[in-house]
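Taking this note's numbering, I'd label the letters of the sequence shown as residues 837 to 1096.
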Amino acid sequence: MAKSKKKSKAKARPKSKAKSTKPKAKGPSLLFAIAQTTLPIVGSDQVFPVRRIYCIGRNYAAHAREMGSDPTREPPFFFQKPTDAVQVVYPGPAVDHPYPPLTSNYHYEVELVAVLKSGGKNIPAAKALDCVYGYAVGLDMTRRDLQIGMREQKKPWSLGKGFDHGAPVGPILPAARIGHPSKGAISLEVNGVERQKSDLSNMTWSVAEQIEKLSEAFELKAGDIIMTGTPENVGPVVPGDVIVCKIAGLPDLSIRVVKR
Ligand code: MN
């Protein structure tokens, strides 16, 4: 008994000895660095680190109808874009946005983006807005021909939605400053002509309800952002077109589509 006690003491000793003579053990170092995707915050020196991008499909009834589905019977569904698909768009003159490969029907979808400062599982809608740090204007850019082609073949949407630069997003306005907008104009113009126009109150599933539903499927975490759906009248753009997106209370977002 005493012997084994001694043995275990002896066993523990080299550990502390090693600690005193060798440099503290580190984990493996990175083979190379990968850039953290971030979004600017209006009026702040800090930036918002992006963890995941969730997007809801067909969240305005009129858009659901134009995409050929029945808005009254459809539960919400979600897809993701890769985090590094974010293209940060600062307010001001239109920022160049590359026309992506493999498409000849490249569509805009203006969307309110909700960004999360906390998360969880099974978050009830009544508490969901506590997770929201703020809001931004975003574009769920879509290679519509690929999206519909994949849909018809019952294949995933990734090619249509999850490509490089496919998520232009403007700076975040903290909810502490603008609250949680449940109504307000949302619109998009191309070359000065209005193409999309609706109101946030026309969302089928509110931001809070989207967080509730998403958190049933995934553990949400700080840094997750949600593209909350687009109103009707999505349409194509070509190189040279300038898109201006507006949501009441948020900075405008402007991009110029350019040849790669
Ligand atoms: Mn969308």
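Just so you know, even glycine gets a beta-carbon here, dropped at the ideal spot from N, CA and C.
Helix, strand or coil at residue i according to DSSP, with G and I counted as helix
| i | result |
| --- | --- |
| Met-986 | helix |
| Ile-1008 | strand |
| Ala-961 | helix |
| Val-924 | strand |
| Lys-847 | With a pLDDT of 45 at Lys-847, under the threshold of 50, the modelled position of that residue is not reliable, and the figure given next carries that caveat. The answer is helix: DSSP assigns Lys-847 an H, G or I state. |
| Val-1003 | The amino acid occupying residue 1003 in the given sequence is Ala; Val does not appear at that position. Ala-1003: strand per DSSP, three-state reduction. |
| Arg-1092 | strand |
| Gln-882 | coil |
| Ser-1034 | strand |
| Asp-966 | helix |
| His-943 | strand |
| Ala-1044 | helix |
| Arg-1013 | helix |
| Ala-950 | strand |
| Lys-862 | coil |
| Ala-897 | helix |
| Asp-981 | helix |
| Pro-1087 | coil |
| Lys-997 | helix |
Reference residue i, options the options, closest by Cα
| i | options | result |
| --- | --- | --- |
| Pro-1075 | Ser-940, Ser-1042 and Ile-1022 | Ser-940 |
| Leu-1056 | Gly-955, Arg-979, Lys-963 and Pro-1017 | Gly-955 |
| Asp-1035 | Pro-992, Lys-990, Phe-913 and Pro-1067 | Pro-1067 |
| Pro-936 | Asp-1000, Lys-990 and Cys-891 | Asp-1000 |
| Tyr-831 | Lys-991, Arg-888, Ile-877 and Leu-995 | The structure shown does not extend to residue 831, since the chain is modelled only from 837 to 1096, so the question has no answer here. |
| Val-925 | Glu-902, Arg-888, Val-878 and Pro-911 | Val-878 |
| Arg-887 | Asp-1060, Val-1073, Pro-1072 and Arg-1096 | Asp-1060 |
| Asp-966 | Leu-982, Lys-991, Arg-979 and Ala-1012 | Ala-1012 |
| Glu-1052 | Lys-990, Phe-913, Pro-927 and Gln-872 | Phe-913 |
| Ser-1037 | Ala-898, Pro-876 and Leu-867 | Ala-898 |
| Gly-998 | Phe-1054, Glu-988 and Arg-979 | Arg-979 |
| Phe-1054 | Arg-1096, Ile-959, Glu-988 and Asp-981 | Ile-959 |
| Asp-981 | Thr-1040, Val-1073 and Met-1039 | Val-1073 |
| Tyr-944 | Met-1039, Ile-1083, Val-1026 and Arg-1096 | Val-1026 |
| Gly-904 | Leu-1050, Ser-1018, Ile-984 and Arg-1096 | Ile-984 |
| Lys-908 | Met-1039, Gln-989 and Phe-884 | For clarity, residue 908 is Thr in the given sequence; the question names Lys instead. Closest by alpha carbon: Met-1039. |
| Pro-876 | Gln-989, Pro-927 and Leu-1050 | Pro-927 |
| Lys-957 | Asp-881, Ile-1083 and Leu-1050 | Leu-1050 |
Contact check, residue i vs residue j, beta carbons under 8 Å
| i | j | result |
| --- | --- | --- |
| Ile-1022 | Val-1070 | no |
| Val-1043 | Val-1005 | no |
| Gly-1065 | Asn-895 | yes |
| Val-968 | His-1016 | yes |
| Ile-870 | Val-951 | no |
| Cys-891 | Lys-917 | yes |
| Tyr-919 | Thr-874 | The residue you asked about is not Tyr; residue 919 is Thr in the sequence shown. No; because the gap between Cβ atoms is not below 8 Å, this pair is not in contact. |
| Lys-953 | Ala-1058 | yes |
| Gly-893 | Phe-915 | yes |
| Pro-934 | Arg-1096 | yes |
Other residues of its chain near residue i: CB distance less than 6 Å, five sequence neighbours each side excluded
| i | result |
| --- | --- |
| Arg-1092 | Ala-930, Asp-932 and Val-1078 |
| Lys-1033 | Ser-1023 |
| Ala-961 | Ala-1044, Glu-1045 and Glu-1048 |
| Ser-852 | With a pLDDT of only 47 at Ser-852, under the threshold of 50, the placement of this residue in the model should not be trusted; the figure read from the coordinates follows. Cβ within range, chain order: n/a, list empty. |
| Arg-849 | Since pLDDT at Arg-849 reaches only 47, below the 50 mark, its modelled position is unreliable, and the value read off the structure follows with that caveat. Closer than 6 Å at the Cβ level, and outside the excluded window around Arg-849, lies no residue. |
| Ser-880 | none |
| Gln-882 | none |
Chain-order list of residues whose beta-carbon lies under 7 Å from that of residue i (same chain, five-residue window excluded)
| i | result |
| --- | --- |
| Cys-1081 | Val-946, Val-973, Leu-975, Leu-1024, Asp-1088 and Leu-1089 |
| Ile-1014 | Tyr-971 and Gly-1085 |
| Met-787 | Since the first and last residues shown for the chain are 837 and 1096, residue 787 lies out of range. |
| Pro-1010 | Ile-877, Tyr-969 and Gly-970 |
Sequence-distant residues of its chain with Cβ nearer than 8 Å to residue i (five each side left out)
| i | result |
| --- | --- |
| Glu-1030 | Ser-1023 and Leu-1024 |
| Ala-1003 | Ile-889, Lys-917, Ala-921, Val-922, Gln-923, Gly-974, Leu-975, Asp-976, Met-977 and Met-1063 |
| Asp-906 | Ala-900 |
| Leu-866 | none |
Residue i: CB within 7 Å of a non-hydrogen atom of the ligand PLP
| i | result |
| --- | --- |
| Gly-1015 | Annotation note on the ligand PLP: not contained in the displayed structure, which lists the ligand MN as its ligands. |
Under 5 Å from any heavy atom of the ligand MN, by CB: list those residues in chain order, please. Glu-945, Asp-976 and Thr-1066
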